[in-house]
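A.B. asks:
There are 2 protein chains.
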Amino acid sequence: MSKLKRSARLVDMTQYLLDNPHRLIPLATFVERYRSAKSSVSEDLAIIRDVLAGRQLGELVTVAGAAGGVKYVPKIGEAEARAFIEDVCRQLDQPERILPGGYLYMSDLLGRPEVVGRIGRMFASAFADRELDVVMTVETKGIPIAHATAHFLNVPVVIVRRDNRVTEGSSVNINYVSGSSKRIRTMSLARRALKENARVLIVDDFMRAGGTIKGMMDLLQEFNATVRGVGVFVESGDVGEGEHLVTDYLSLAKLAGVDPVTKKIHIEPGNYFTKLSEKKGADSDDH
Amino acid sequence: MSKLKRSARLVDMTQYLLDNPHRLIPLATFVERYRSAKSSVSEDLAIIRDVLAGRQLGELVTVAGAAGGVKYVPKIGEAEARAFIEDVCRQLDQPERILPGGYLYMSDLLGRPEVVGRIGRMFASAFADRELDVVMTVETKGIPIAHATAHFLNVPVVIVRRDNRVTEGSSVNINYVSGSSKRIRTMSLARRALKENARVLIVDDFMRAGGTIKGMMDLLQEFNATVRGVGVFVESGDVGEGEHLVTDYLSLAKLAGVDPVTKKIHIEPGNYFTKLSEKKGADSDDH
Numbered sequence: 109m110s111k112l113k114r115s116a117r118l119v120d121m122t123q124y125l126l127d128n129p130h131r132l133i134p135l136a137t138f139v140e141r142y143r144s145a146k147s148s149v150s151e152d153l154a155i156i157r158d159v160l161a162g163r164q165l166g167e168l169v170t171v172a173g174a175a176g177g178v179k180y181v182p183k184i185g186e187a188e189a190r191a192f193i194e195d196v197c198r199q200l201d202q203p204e205r206i207l208p209g210g211y212l213y214m215s216d217l218l219g220r221p222e223v224v225g226r227i228g229r230m231f232a233s234a235f236a237d238r239e240l241d242v243v244m245t246v247e248t249k250g251i252p253i254a255h256a257t258a259h260f261l262n263v264p265v266v267i268v269r270r271d272n273r274v275t276e277g278s279s280v281n282i283n284y285v286s287g288s289s290k291r292i293r294t295m296s297l298a299r300r301a302l303k304e305n306a307r308v309l310i311v312d313d314f315m316r317a318g319g320t321i322k323g324m325m326d327l328l329q330e331f332n333a334t335v336r337g338v339g340v341f342v343e344s345g346d347v348g349e350g351e352h353l354v355t356d357y358l359s360l361a362k363l364a365g366v367d368p369v370t371k372k373i374h375i376e377p378g379n380y381f382t383k384l385s386e387k388k389g390a391d392s393d394d395h
Numbered sequence: 109m110s111k112l113k114r115s116a117r118l119v120d121m122t123q124y125l126l127d128n129p130h131r132l133i134p135l136a137t138f139v140e141r142y143r144s145a146k147s148s149v150s151e152d153l154a155i156i157r158d159v160l161a162g163r164q165l166g167e168l169v170t171v172a173g174a175a176g177g178v179k180y181v182p183k184i185g186e187a188e189a190r191a192f193i194e195d196v197c198r199q200l201d202q203p204e205r206i207l208p209g210g211y212l213y214m215s216d217l218l219g220r221p222e223v224v225g226r227i228g229r230m231f232a233s234a235f236a237d238r239e240l241d242v243v244m245t246v247e248t249k250g251i252p253i254a255h256a257t258a259h260f261l262n263v264p265v266v267i268v269r270r271d272n273r274v275t276e277g278s279s280v281n282i283n284y285v286s287g288s289s290k291r292i293r294t295m296s297l298a299r300r301a302l303k304e305n306a307r308v309l310i311v312d313d314f315m316r317a318g319g320t321i322k323g324m325m326d327l328l329q330e331f332n333a334t335v336r337g338v339g340v341f342v343e344s345g346d347v348g349e350g351e352h353l354v355t356d357y358l359s360l361a362k363l364a365g366v367d368p369v370t371k372k373i374h375i376e377p378g379n380y381f382t383k384l385s386e387k388k389g390a391d392s393d394d395h
């Protein structure tokens, strides 16, 4: 490409950085791409950094030294996150969503790219510093969330199947007890899906007692993998004292109650903001 | 936000446009966002338009008039698309991918956000002018592709299930014959998932004779929906004369043969580029 003016360079660089989140890009890449001086590239990056920070869209982290460069770490601002969760709660709080058994129809929300993208950004923002190798979920409804999160974190997705699939090759299978229904179920993961000692973020669309997520954790032990975090879109408040099988997790919304008779749904923000402010407190104690 | 300089405005506008593909944005939105004159906004858009066109990342379409504005239509350049498909073929052409039954392990590729994103961009590019309401797939491996495509097209995703799910509410179920194995299978779609007369793009990760996709087409008839296009990531060449149940589709790669004994895989680019150049020819005939 021929030498670009600053204005064109800014557009191109912005596009490039947004398209490559959580990837360390050597400054030389930009210097060559634009045939510009390193100082010009640095000035451009400073402008981009300020705009992204101003919009609370994330950080441009600069790593000094020979192996250095710049990395875009996507984040979400608290105000935007809160507004999004409030909007989600409002949308889920509709009587026509109530299904037999007290379930809530959510597939429409989880089919909308902008909703799924926002959920992914929230998880990627919260788990940005966990040094992850992979995002994991179990089929089916968690898959879009896992991919959106993985996109912002620049790691692959691994999908646990409910049954053995011929297209997955040899697999590790475990049985687990579904926390709320107490039924025995199976999950299966291809042997080649995970490398040894992988650091894993588990995400899912819904969690009641956490039996499915506990199942994924047990499965991960078979791969000598470590769970570095758990994120769920909606957790259910309909869990008795001491019934939680998973205690350390992040939830974006909480389904506190569904009354099939009066058609009243009670949904509220999850523990996301509480957990994040706890973390912030802990972080600043460290200093 | 306070009045921005041109450089900051360009960064912000680029981010905003990329984040909102296939959405008509009134110029007034930018005028208010930056407290800038309409002429300045137009100049900025011209710069962004040139860069996106130069990188073959898509078009900024301007719609004139009171209900007008600007719309970013993501595309992919032919060179980049060809390089991507060649890379995919090279990666799939590995003997250790061969599974019993002549299947190919592809879950790792479909777990990588940058691969899935590229597939989505290719489909979104090819079907950009079809006026779609929804992208549809069947669980499980087509889901990431469907979401990536839908993101670039700014439409929701609808997921057909292999069985009836309590979390989907009342559903329409059909039986279909799997084209290659001749087995009878079931698929199910929530009644509320599709509005009447929806225009649908079907995508999937793999197609042999097309039984599954034909099943989705039959299911769509129950919703009075129209199929506006079919896109598959990999098609199998292992289909006899006259066995194809679906004939009008776009494929990115073609698995021409797998020999479990010699461990030879023959994989080549699909019909994507042929179809697109045919279309280009037909379009220019119209003029």
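Going line by line, the protein sequences match chains A and B. Converting from the first sequence to the working numbering requires adding 108 to each position, the first position being numbered 1. Converting from the second sequence to the working numbering requires adding 108 to each position, the first position being numbered 1. All residues carry an ideal CB built from backbone N, CA and C; glycine is no exception.
(1) According to DSSP, which residues form a beta bridge with K146 of chain A?
(2) For the beta strand (DSSP E) that contains S115 of chain B, what are its first and last residues?
(3) Measuring straight from C-alpha to C-alpha, what distance separates R336 of chain B and M295 of chain B?
(4) In this structure, how does DSSP classify F138 of chain B when only helix, strand and coil are distinguished?
(5) Could you tell me the distance, in whole angstroms, from the CA atom of G277 of chain A to the CA atom of A298 of chain A?
(6) Using a Cβ-Cβ cutoff of 7 Å, what residues of the region 234-259 of chain B are near chain A? List them in chain order.
(7) Note down, one range per segment and in chain order, each beta strand (DSSP E) of at least 3 residues found wholly within the region 148-177 of chain A.
(8) Got a sec: is the Cβ-Cβ distance from P264 of chain B to anything in chain A below 8 Å?
(9) To test your reading of the DSSP string, which unbroken beta strand (DSSP E) runs of 3 or more residues are found completely within the region 270-307 of chain B?
(10) Within 8 Å of any Cβ in chain B, is that where the Cβ of P368 of chain A sits?
(11) Tell me where the alpha helix (DSSP H) around K398 of chain B begins and ends.
(12) From A:D216, A:R131, A:P203, A:S279, pick the residue whose C-alpha is nearest to that of T370 of chain A; which is it?
(13) Using 10 angstroms around the beta-carbon of R226 of chain B, count the other beta-carbons present and answer buried if the total reaches 16, otherwise exposed.
(14) Enumerate in chain order the residues of its own chain whose CB-to-CB distance from V196 of chain A is below 8 Å, with the five nearest sequence positions on each side excluded.
(15) What does the alpha-carbon distance come out to for the pair V311 of chain A and D201 of chain A?
(16) Taking buried to mean at least 16 other C-beta atoms within 10 Å of its own C-beta, is T248 of chain A buried or exposed?
(17) Excluding the 5 residues preceding and the 5 following Y284 of chain B in the sequence, name in chain order all residues of the same chain whose CB lies nearer than 7 Å to its CB.
(18) Would you list, in sequence order, the uninterrupted alpha helix (DSSP H) runs of no fewer than 4 residues that lie entirely inside the region 185-263 of chain B?
(19) Thinking C-alpha only, which one of B:L168, B:G210, B:E140, B:Y357 is nearest L126 of chain B?
(20) Closer than 8 Å is the cut-off here; do at least three beta carbon pairs connect the region 254-263 of chain B with the region 231-242 of chain B?
(21) Let's test the definition: count the other Cβ atoms within 10 Å of the Cβ of T334 of chain A and tell me whether it reaches 16, buried, or not, exposed.
(22) Give the range of the beta strand (DSSP E) segment to which A361 of chain A is assigned.
(23) Nearest by alpha-carbon distance to Y180 of chain B: which of B:P129, B:G228, B:G339 is it?
(24) Taking 8 Å as the threshold (C-beta atoms), are R229 of chain B and I267 of chain B in contact?
(25) Using a Cβ-Cβ cut-off of 8 Å, state whether A136 of chain A counts as contacting chain E.
(26) For V242 of chain A, is the classification buried or exposed, using 16 other Cβ atoms within 10 angstroms of its Cβ as the cut-off for buried?
(27) In whole angstroms, what separates the C-alpha of I206 of chain A from that of E343 of chain A?
(28) Taking its Cβ as the centre, do 16 or more other Cβ atoms sit within 10 Å of H374 of chain A, making it buried, or is it exposed?
(29) Please confirm if G209 of chain A has its CB atom under 8 Å from at least one CB of chain B.
(30) State the beta-bridge partners of L309 of chain A as determined by DSSP.
(31) Work out the CA separation of R198 of chain A and P368 of chain A for me, nearest whole Å.
(32) Please state the DSSP three-state secondary structure of E349 of chain A.
(33) For a quick check, are the C-beta atoms of S115 of chain B and S115 of chain A less than 8 Å apart?
(34) Since G345 of chain A and G365 of chain A are thought to touch, with beta carbons under 8 Å apart, how far apart are those beta carbons, to the nearest angstrom?
(35) Step through the CB atoms of chain B and report whether any lies within less than 8 Å of the CB of D346 of chain A.
C.D. replies: According to the structure data:
(1) The residue given as residue 146 of chain A occupies position 38 in the first sequence. Bridge partners of K146 of chain A: none, in fact.
(2) Within the second sequence, residue 115 of chain B is the residue found at index 7, counting from 1. Unbroken run through S115 of chain B is the alpha helix (DSSP H), 114-127; no beta strand (DSSP E).
(3) Against the second sequence, residue 336 of chain B aligns to sequence position 228. Against the second sequence, residue 295 of chain B aligns to sequence position 187. Answer to the nearest angstrom: the Cα atoms are 20 Å apart.
(4) Mapped onto the second sequence, residue 138 of chain B falls at position 30. F138 of chain B falls in the helix class under three-state DSSP.
(5) The residue given as residue 277 of chain A occupies position 169 in the first sequence. The residue given as residue 298 of chain A occupies position 190 in the first sequence. Those two C-alpha atoms are separated by around 6 Å.
(6) Answer set for the region 234-259 of chain B: E247, T248, I251, P252, H255, A258, H259.
(7) 166-171
(8) Taking the first residue of the second sequence as 1, we reach residue 264 of chain B at position 156. By this cut-off, P264 of chain B is an interface position.
(9) 279-285, 292-298
(10) If you number the first sequence from 1, residue 368 of chain A lands on position 260. So no, P368 of chain A is outside the interface.
(11) This structure does not reach residue 398 of chain B, given that chain B is present from 109 up to 395, and the question cannot be answered.
(12) Counted from its first residue, the first sequence places residue 370 of chain A at position 262. Selected option, being the one with the closest Cα: A:P203.
(13) Residue mapping note: residue 226 of chain B aligns to position 118 of the second sequence, counting from 1. Classification of R226 of chain B: buried, given that the 10 Å Cβ count is 16 or more.
(14) If you number the first sequence from 1, residue 196 of chain A lands on position 88. Only L217, V223, L360, A361 meet the Cβ criterion.
(15) On the first sequence, position 203 is the one that residue 311 of chain A refers to. On the first sequence, position 93 is the one that residue 201 of chain A refers to. Their backbone Cα atoms lie some 23 Å apart in a straight line.
(16) Position 140 of the first sequence, counted from the first residue, corresponds to residue 248 of chain A. By the neighbour-count definition (other C-beta atoms within 10 Å, threshold 16), T248 of chain A is a buried residue.
(17) Position 176 of the second sequence, counting from 1, holds the residue named residue 284 of chain B. Same-chain partners within the cutoff: R293, M295, G319, K322, G323, D326.
(18) Qualifying alpha helix (DSSP H) stretches, in chain order: 186-200, 221-234, 251-261.
(19) As a first step, residue 126 of chain B is located in the second sequence; it is residue number 18 there, counting from the start. Answer by Cα proximity: B:L168.
(20) yes
(21) Start at 1 with the first residue of the first sequence, and residue 334 of chain A comes out as number 226. Exposed.
(22) What you label residue 361 of chain A is simply residue 253 of the first sequence in a count that begins at 1. It spans 358-367 - the beta strand (DSSP E) in which A361 of chain A sits, taken as one unbroken run.
(23) Locating residue 180 of chain B in the second sequence gives position 72, counting from the first residue. Ranking the options by Cα distance to Y180 of chain B, first place goes to B:P129.
(24) Taking the second sequence and counting its residues from 1, the one referred to as residue 267 of chain B is at position 159. Taking the second sequence and counting its residues from 1, the one referred to as residue 229 of chain B is at position 121. Contact flag unset, no.
(25) Among the chains of the structure shown, chain E does not appear; the protein chains present are A and B.
(26) As a first step, residue 242 of chain A is located in the first sequence; it is residue number 134 there, counting from the start. Buried, since its Cβ has 16 or more Cβ neighbours within 10 Å.
(27) As a position in the first sequence, residue 206 of chain A is number 98, starting the count at 1. As a position in the first sequence, residue 343 of chain A is number 235, starting the count at 1. Computed Cα separation, rounded: 16 Å.
(28) In the first sequence, the residue the question calls residue 374 of chain A occupies position 266. With fewer than 16 Cβ atoms within 10 Å of its Cβ, H374 of chain A is classed as exposed.
(29) Looking up residue 209 of chain A in the first sequence gives position 101. Yes, because at least one Cβ of chain B sits closer than 8 Å to the Cβ of G209 of chain A.
(30) Walking along the first sequence from the start, residue 309 of chain A turns up at place 201. According to DSSP, which records beta bridges pairwise, L309 of chain A is partnered with A:V243, A:G337.
(31) On the first sequence, residue 368 of chain A is found 260 positions in, with the first residue counted as 1. On the first sequence, residue 198 of chain A is found 90 positions in, with the first residue counted as 1. Near 18 Å, if we compare the C-alpha coordinates of R198 of chain A and P368 of chain A.
(32) For the purposes of this step, residue 349 of chain A is identified with residue 241 of the first sequence, where counting begins at 1. It is coil, neither helix nor strand.
(33) As a working note, residue 115 of chain B is residue 7 in the second sequence. As a working note, residue 115 of chain A is residue 7 in the first sequence. A contact, by the Cβ cut-off of 8 Å.
(34) Reading the first sequence from its first residue, position 237 is the one you call residue 345 of chain A. Reading the first sequence from its first residue, position 257 is the one you call residue 365 of chain A. Their Cβ separation, rounded to whole angstroms, is 7 Å, which keeps G345 of chain A and G365 of chain A in contact under 8 Å.
(35) The count along the first sequence starts at 1 and reaches residue 346 of chain A at position 238. No, no contact with chain B.
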